[in-house]
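The sequence shown: position 207 = 191 (my numbering), numbered continuously.
The C-beta atom is built at its ideal place from N, Cα and C for all residues, glycine as well.
Just below is one structure, and these are the notes that go with it.
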Amino acid sequence: MNDIEAAATLPVTLPGAQADTLMWAQVHEVEPAAQEQLRNISKLPWVHGLRVMPDVHLGKGATVGSVVAMRDAVSPSAVGVDIGCGMTAVRTDLFLTDLPDDLAPLRGAIERAVPVGFRAHDETPDVKRLGLAQRGWDAFWAGFRDLHDQVQDREARAMKQMGSLGGGNHFIEVTADDDGRIWLMLHSGSRNIGKEIAERHIAGAKGLEHNLGLPDRDLAVFLAGTREMDAYLRDLYWAQDYAARNRAVMMGLVREVVTTFFGRRGREVAYDREISCHHNYVAQERYDDVDLVVTRKGAIRAGAGDLGLIPGSMGTGSFVVKGLGNEASYCSASHGAGRRMSRSKARKTFTVEDLDAQTRGVECRKDAGVIDEIPGAYKDLESVIAAQTDLVSVEARLTTLLCVKG
């Protein structure tokens, strides 16, 4: 069965699931541990429905590539610890013919402008210089004092990490579409402060009496009308905002680098409107005439006309998509290719030579520190896109030219 024939049979139901569960992946394609994790989610008494994206794989607490719609409850693990993680991209008026043969100097300039890995800025980036001053920064940072008591000593760090990439699967890329137009794209979230917020609330939820008999304590929930849920949603929405601002600042810094880099070569650069989307977040939406708390962990919103970004791995490119508003999926689509093997297995399976071969033609790191991000550790992106033609339409296919990793 080819990809088109397989997609025609989707979605399918998950055997053994309790709540209404639809999958945009064949059951045999989903690892047994992830299937069991999904069944555990479906057994939560507050779950109205569960939707599973084609990039599904085992996650911590809740499955990556899952969309959980709950009645009067929210599970912090169904969002994950990188609250607000997502994508931002912008098309430039540059063409492939404008690029130099050697992109290493451009990669180096981006890496000097945007801290990667555990690094942070020495000082908070100048948002006025980046054209972002109108975003209400004073009010945003004033909201920090209302966050969980146990993160109050993290404010200075959060401010310096604003506009930084992080590590893992986060990246900054220079790409080209099929018309030869150059795009800038990046993937990151709420950095350490989002992780700290999530971990505090996950731990708090596990201790609540109504969660003691759950099939998996990692799926502990907060209930509507309680101070615990109110506090979590307050902190979560702040962290989602932080993540969006973090990507905006990073993109501002990358645009500065690109403008300067090509300006020195006598080429001015213009930019289209940015596209940005979360893929680890909470939204309150209505389906089946029911008001629901929808958590997307490794999934983007794909409402009718919504522009979204679905990346692959370093070297495999990405897609710009437009949502079709399919309510059967709770207006959702995949967030990427999705891992097909764990990081530890990837490090045991592949070598630096494999990484060099699989990223040939891409200006990027090719060392042991990023072997776990090798393309071979991820699912085939083309197949993932083919499995969700009823969820999104493809607006552009982007080919990776340069990739910055932490």
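The C-alpha of Gly120 is placed about 22 Å away from the C-alpha of His132. Beyond the five residues adjoining it in sequence on each side, Ile284 comes within less than 6 Å, by CB distance, of Cys261, His263, Gly292, Ala317, His319 in the same chain, given in chain order.
For Gly322 against Gly307, the beta-carbon gap comes to about 19 Å, at or over 8 Å, which does not count as contact. Your pair Val238 and Ile156 checks out as a contact, with CB atoms roughly 6 Å apart and the cut at 8 Å.
Just so you know, the alpha carbons of Cys315 and Ala370 end up roughly 17 Å apart. Around the C-beta of Phe334, 16 or more other C-beta atoms lie within 10 Å, and the residue is accordingly described as buried. Secondary structure at Met325: coil, using DSSP grouped into helix, strand and coil. Here the alpha carbons of Ala140 and Pro109 stand approximately 13 Å from one another.
Excluding its 5 nearest sequence neighbours in each direction, Val233 has C-beta neighbours in its own chain below 8 Å: Pro109, Val111, Leu114, Leu116, Met146, Gly147, listed in chain order. Where Gln118 is concerned, there is no enclosing alpha helix (DSSP H), because DSSP gives it neither an H nor an E. In the structure shown, Gln10 adopts coil according to DSSP, grouped into three states. Nearest neighbour of Pro16 by Cα position, chosen from Arg327, Leu(-2), Tyr271, turns out to be Leu(-2). For the 8 Å CB-CB criterion, Gly150 and Arg175 form a contact. In the DSSP assignment, Trp222 forms no beta bridge with any residue. When secondary structure is reduced to three states using DSSP, Lys144 falls in the helix class. Three or more Cβ pairs closer than 8 Å define a contact, and the segment 65 to 74 falls short of that threshold against the segment 28 to 39. Taking a contact as a CB-CB distance under 8 Å, the pair Gly191 and Ala223 does not count as one, their CB atoms being some 21 Å apart. Listed in chain order, the non-local C-beta contacts of Arg324 below 8 Å within the same chain comprise His41, Ala361, Tyr362, Lys363, local neighbours out to five positions each way being set aside.
Here Ser174 carries a coil assignment [DSSP, helix/strand/coil].
The residues Ser61, Gly64, Val65, Asp202, in chain order, have a CB closer than 8 Å to that of Lys44 in the same chain once the five nearest residues on each side in sequence are set aside. Spanning the alpha carbons of Val354 and Arg129 requires a straight line of approximately 37 Å. Scanning Asn24, His12, Ala(-8), Val14 for the CA closest to the CA of Ala1 turns up Asn24.
Here Met169 is bridged, per DSSP, to Ala73, Glu157.
Beta-bridge annotation (DSSP): Val368 is not paired with any residue. Here the segment 159 to 172 makes contact with the segment 373 to 384; the two share three or more CB pairs at distances below 8 Å.
The C-alpha of Leu90 is placed about 37 Å away from the C-alpha of Thr47. For Pro359, the number of other beta carbons within 10 angstroms of its own is at least 16, and it is reported as buried. Val253 places its beta carbon less than 8 Å from that of Asp77. Assignment of beta-bridge partners to Arg35 by DSSP yields Leu6, Val51.
Within 10 angstroms of the beta-carbon of Leu196 lie fewer than 16 other beta-carbons, which makes it exposed. In this structure, the beta-carbon distance from Ala93 to Phe246 does not fall below 8 Å.
Every alpha helix (DSSP H) of 4 residues or more that sits fully in the segment 65 to 109 is shown, in chain order, as 88 to 97.
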